[in-house]
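First the structure, in the form of structure tokens, and then the observations on it.
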Amino acid sequence: MLLSLAPMEGVTGSVFRRVHAVCFGALDRCYTPFVAPPRVGSAFGGKAMKELDPERNAGLDVVPQLLTKDADEFAWAAELLAEMGYREVNLNLGCPSGTVVAKGRDSGLLRDPAALDALLGDVCARSPIPVSVKTRLGIAGDAEYERLLEAFCHHPLAELIVHPRVRQDFYKGVPRQAAYGETLARAPFPVAYNGDIFSPDDLRSLVEAYPATRHVMLGRGIVANPALGRMLRGGQPATLAELRRFHDELFHAYEAEIGGNAVFRMKEWWSYAEGNFADPLAVRRAIRKVRKANEYEAAIARVFLQVPLAAR
Ligand SMILES: Cc1cc2nc3c(=O)[nH]c(=O)nc-3n(C[C@H](O)[C@H](O)[C@H](O)COP(=O)(O)O)c2cc1C
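Put into structure tokens, the structure is as follows:
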């Protein structure tokens, strides 16, 4: 079973995947949070290069993800990525990330299967490296997926990663795994599953229902519990010492990268990770008002000393 790290803007960037690999071993593959392609003829900008710089991704199998509906920009970016040594490029469809929606950067392609079909034809023909796609089932209703799936099946995708919710679900309700099963049965290319895998039981029931499952992408589950990959392979949950080390490495790596803003990045991580502790509310209270790095470190030291881990 191939296990990969999901793209999560502001969360699973180059710092997170490097620290995670050092502390818990590399997952089989990592996807970068989406980057916008540069204008044709230009190079990737500074923020994108932090994600894409091969040196920062050394030792990891990284697949860059692009967010665009422009075939020329996609093809140009794919050329740049191929020159950097990447062997696959992923197209993000319908990510409901706050910044994407707020800045109107959503590609809109989930709304328009004909435009999607045309774009995929174009980019698959022109990209020098294989193209994979990450999708939801549609915008508002599951019925939209039939036409999208038909469009996907016309093209030689490297892989289709399915998060079986619609965009309007955000993360509410449960993923409709049957739509993933339908994709597995019909697609002429490899298919991956993504959505709500938080424990070995979640993976077990997915694989029982869909034994052909070969690739599972992990997002919030592994951000919250960095030992999740190990547990899915039959290993032990994280000890307190392992969590502490992971936390410290992550914080210091963010400090080196973004200085004082590291505290805010870590607070976002805690919003996923507080559930590792028996009293998540105590964790939240401890860090809520903290702004400065030294206050943050003191608050976290108390959490690790005083709040026991939740049973797993
Ligand atoms: C904060 C946040 C940022 C995300 N950013 C991206 C992104 O850049 N590209 C993308 O395709 N999906 C993005 N997603 C969606 C995740 O990759 C994934 O599909 C989703 O979290 C469901 O998987 P999970 O249940 O394992 O978390 C994001 C999700 C979250 C919560």
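At position 299 of the sequence shown the residue is numbered 298 (numbering that gives the first Met the number 0), and the sequence of numbers has no breaks. Built from N, CA and C at the ideal position, the CB exists for glycine as well.
Practice problem: Give the DSSP bridge partners of Ser-41, in chain order. | Solution: In the DSSP output, where bridge partners are listed per residue, Ser-41 has none listed.
Quiz item: So, Ala-240 versus Ala-226, is the Cβ gap smaller than 7 Å?
Solution: One thing to note: Ala-240 has its Cβ no nearer than 7 Å to the Cβ of Ala-226.
Quiz prompt | Inter-stretch contact (C-beta, 8 Å, three-pair minimum) for the region 108 to 126 and the region 141 to 153 | solution = The region 108 to 126, when compared against the region 141 to 153, does touch it at the 8 Å Cβ threshold.
Quiz item: Which of the three DSSP states, helix, strand or coil, is assigned to Gly-274?
Solution: If DSSP states are grouped into helix, strand and coil, Gly-274 belongs with the helices.
Self-check item: Cβ separation of Tyr-253 and Arg-244, assumed to be a contact under 8 Å, to the nearest whole Å
Solution: The pair is not a contact, with the Cβ atoms about 15 Å apart (cut-off 8 Å).
Quiz prompt | Any non-hydrogen atom of ligand 1 within 6 Å of Val-10 CB | solution = Result yes, Cβ under 6 Å from ligand 1.
Quiz prompt | Simplified DSSP assignment, three categories, for Thr-134 | solution = Reduced to three states, the DSSP call for Thr-134 is strand.
Quiz item: Comparing the CB of Asn-91 with every heavy atom of ligand 1, is any distance shorter than 6 Å?
Solution: Indeed, a heavy atom of ligand 1 lies less than 6 Å from the Cβ.
Self-check item: Pick from Ala-124, Val-122, Ala-184 that is closest to Tyr-209, judged by C-alpha positions
Solution: Nearest Cα to Tyr-209 within the set Ala-124, Val-122, Ala-184: Ala-184.
Quiz item: Hey, which unbroken runs of the beta strand (DSSP E) at 3 residues or more fall wholly within the region 143 to 230?
Solution: Correct list: 158 to 161, 190 to 193, 214 to 217.
Quiz item: Taking just the CA atoms, how far does Asp-52 sit from Pro-37?
Solution: Spanning the two alpha carbons is a distance of roughly 15 Å.
Exercise. Please name the residue in Lys-133, Val-262, Ala-309, Tyr-271 whose C-alpha comes closest to that of Ile-299.
Key: Nearest option by C-alpha distance: Val-262.
Quiz item: What residue range is occupied by the uninterrupted alpha helix (DSSP H) comprising Arg-284?
Solution: Looking at the DSSP string, the run of the alpha helix (DSSP H) that includes Arg-284 is 279 to 287.
Self-check item: beta-carbon Asn-275 near ligand 1 non-hydrogen atom, thresh 6 Å
Solution: Flag unset: Cβ of Asn-275 not near ligand 1.
Quiz item: Rounded C-beta distance between Leu-217 and Ser-3? I'm assuming under 8 Å.
Solution: Confirmed, about 7 Å.
Self-check item: Straight-line Cα distance separating Leu-159 from Arg-232
Solution: C-alpha separation (whole angstroms): 23 Å.
Exercise. Express the C-alpha separation of Leu-304 and Leu-92 in angstroms, rounding to a whole number.
Key: Roughly 43 Å between the two C-alpha positions.
Practice problem: Evaluate the contact criterion for the region 53 to 67 versus the region 8 to 18: three or more CB pairs, one atom per stretch, below 8 Å. | Solution: In this structure the region 53 to 67 touches the region 8 to 18; the number of beta carbon pairs closer than 8 Å is three or more.
Quiz item: Relative to the C-alpha of Leu-280, which residue among Asp-27, Ala-42, Pro-307 is closest?
Solution: Nearest of Asp-27, Ala-42, Pro-307 to Leu-280, Cα basis: Pro-307.
Quiz prompt | Residues that DSSP places opposite Tyr-85 in a beta bridge | solution = When beta bridges are read from the DSSP output, Tyr-85 appears opposite no residue.
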